[in-house]
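Going line by line, the protein sequences match chains R and S. Under the working numbering, read the first sequence as residues 1 to 225, first letter to last. Under the working numbering, read the second sequence as residues 1 to 254, first letter to last. Glycine included, each C-beta is placed from N, C-alpha and C at the ideal position.
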Amino acid sequence: MSWIVRLQKSSLGSKYIMAITGAGLFLFVIGHFAGNLLLYWGQDAMNAYAVELHNLPYGALWIARGGLLIMVLAHIFIAYRLTFQNRAARPQRYQYEATLQASFASRTMPYTGTIVLLFILFHLAQFTFHLVAVDPVQLDPQGREDVYSMVVHAFQSPVYSAIYVVSVLILGFHLSHGLSSMWQSVGLNHRKYNLAFRKLSPLLGWIVCLAGVSLPLAVLFGLIK
Amino acid sequence: MELTLHVWRQKNGQDSGKMVTYKARDVSPESSFLEMLDQVNEELIGKNDEPIAFDHDCREGICGSCSMMINGKAHGGRKGTTTCQLHMRSFKDGEQIYIEPWRARAFPVVKDLVVDRGAFDRIISKGGFVSVATGGVPDANAIPISKEAADLAMDTAECIACGACVAACKNASAMLFVSAKVSHLANLPQGQPERLQRATHMVEQMDKEGFGNCTNYFECEAACPKQISVRSIAVMNRDFLKASLLHQEPVGKA
């Protein structure tokens with residue numbers, strides 16, 4: 001086991017963990033947003049989906065949640081450790097700072113990542129733990145938890161909608177570097193595939209995030225009631 | 001040309017150092033950046049002042065000695081150019097130029113613009129070589145190497161270990177340098193026997209020296225005077241991963 005401890009501590013081992021957990025978390029975002037798009041199919045579809053998710057066999061929901069939590073914690077822990085190491089590697093900054101080709105997204109990963117983390121905490125507090133900014137749980141006509149109305153009602157507030165739109169756009173920005181960078185981190189860089197690695201991956205990230213952003217906007221503009 | 005220089009002056013490793021402003025007068029646009037500094041130094045010596053210390057040797061872009069940040073860009077930021085190959089015609093008359101040493105914890109300042117790049121030597125000594133048995137001269141073409149492999153190896157063998165990649169990297173990471181050596185030897189048959197242990201040992205030493213980590217900014221690639229591609233970093237990432245997952249020490253018979 002000692003080799004695993006050594007690997008996660010090394011500079012390259014940390015990169016592998018960032019890339020793999022980042023990819024895993026992106027897959028979750030795809031699934032999560034795909035499920036949420038059921039909002040467009042109405043109250044019955046959304047609430048039935050919520051019930052089915054809770055009734056998945058073999059405790060699959062809890063296994064997925066456990067895996068997700070491990071990936072999130074690893075991604076955050078390694079990210080902050082890397083950031084502190086990187087700061088320490090240059091104790092004295094340049095008086096004249098210039099950038100040749102590093103993208104704005106790549107240079108702001110610790111900040112966009114922190115914003116996304118704060119957003120996730122708010123999101124969980126609101127829709128999962130019902131602690132802030134949400135009505136008490138209601139039941140729909142079939143006696144199921146009315147997830148649909150809870151979400152629609154929250155998004156009818158321009159303030160909450162704005163928080164979601166801005167946060168998910170920042171997530172898209174975070175992914176625009178992460179999704180192109182993760183291939184390089186695990187050693188995948190090849191002229192034949194770099195179009196997919198560097199352009200199509202971030203494009204997929206933007207498509208997923210824009211689909212997510214469309215939900216609060218659709219509610220706000222009355223497409224979903 | 002007349003230029004205003006803001007130069008980092010620092011007596012030694014203990015001194016805190018500061019930027020000092022100098023005028024460079026009657027600079028020929030045909031002179032190199034180092035010749036311009038020579039000219040300023042002549043004037044300083046004439047005034048009994050301490051000349052600006054900077055590293056230089058071949059002055060033709062192959063030794064990797066000259067190392068300075070010019071307006072925040074390693075070697076001045078001109079594509080595929082070292083400081084000694086940078087000419088004053090790249091600047092405008094009356095321009096303000098900021099000149100600073102490479103900044104990295106692993107590259108302590110020795111004096112003014114001179115930094116100690118011994119960390120690179122220590123990384124090379126951990127695996128940037130091939131072990132060959134000495135003896136008779138081998139046949140020149142005994143080991144076949146494809147033209148493609150030779151070219152790929154040469155692309156990274158061009159590294160002159162100047163440290164611009166570290167200086168340009170926002171994280172002061174040495175990945176491009178280390179990977180250039182790993183990738184150079186990984187492309188050649190002679191490099192295969194020690195391939196995985198080379199990647200492991202060089203990366204371990206790189207981490208020990210206190211360089212930063214790679215965030216895939218790719219600033220290094222743009223700053224490299226030999227235009228070494230970040231593809232070599234991917235090769236290193238691959239070799240280190242393979243070594244970490246699969247390498248095992250010989251443990252003897254069951």
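- Nearest to R:V208 by alpha-carbon distance, out of R:M18, R:L27, R:I20 and R:Q138, is R:L27.
- Chain-order list of chain S residues neighbouring R:Q101: F218, E219 and A222, by C-beta distance under 7 Å.
- Within the DSSP secondary-structure output, S:Y98 pairs in a beta bridge with S:H6.
- Contact between S:V235 and S:L185 is ruled out by a C-beta separation of about 10 Å, above the 8 Å threshold.
- For S:K181, the uninterrupted alpha helix (DSSP H) segment begins and ends at M175 to A186.
- Interface criterion met: the Cβ of S:S244 is under 7 Å from a Cβ in chain R.
- Between the segment 179-198 of chain S and the segment 37-47 of chain S, the count of Cβ pairs shorter than 8 Å is below three; the stretches do not touch.
- Distances from the alpha-carbon of S:K242 to those of R:L217, R:A154, R:F221 and R:V186 put R:V186 closest.
- Inside the segment 31-116 of chain R, DSSP marks whole alpha helix (DSSP H) runs of 4 or more residues at positions 43-54, 60-88 and 104-107, from first to last along the chain.
- Taking the C-beta atoms as reference points, S:N71 is found no nearer than 7 Å to R:L82.
- Under the Cβ criterion of 7 Å, S:A153 is not counted among the residues facing chain R.
- Under DSSP, S:M19 forms a beta bridge with S:W8.
- Between R:L220 and R:S181, the C-beta spacing is not below 7 Å.
- Under the three-state reduction of DSSP output, S:G212 falls in the strand class.
- In its chain, beyond the 5 residues on either side, V132, A133 and V134 have a beta carbon closer than 6 Å to the beta carbon of R:Q126.
- The C-beta separation of S:E219 from S:I228 comes to about 13 Å, leaving the pair out of contact by the 8 Å criterion.
- Think of a sphere of 7 Å around the beta carbon of R:Q95: the chain S residues whose beta carbon falls inside it are M19, Y98 and E100, in chain order.
- Taking the C-beta atoms as reference points, S:K111 is found nearer than 7 Å to S:A53.
- 7 Å or more divides the Cβ of R:S10 from the Cβ of R:I78.
- By the rule that beta-carbons nearer than 7 Å mark a contact, R:P141 does not touch chain S.
- For R:L139, the three-state secondary structure derived from DSSP is strand.
- Cβ neighbours of R:L117 within its own chain (closer than 8 Å, five residues either side excluded): I76.
- Assignment of S:H87 by DSSP, reduced to helix, strand and coil, places it in the strand class.
- Contact between the segment 151-171 of chain S and the segment 73-83 of chain S is present: three or more C-beta pairs spanning the two stretches fall below 8 Å.
- Counting along the chain, S:K47 sits inside no alpha helix (DSSP H), nor does DSSP assign it H or E at all.
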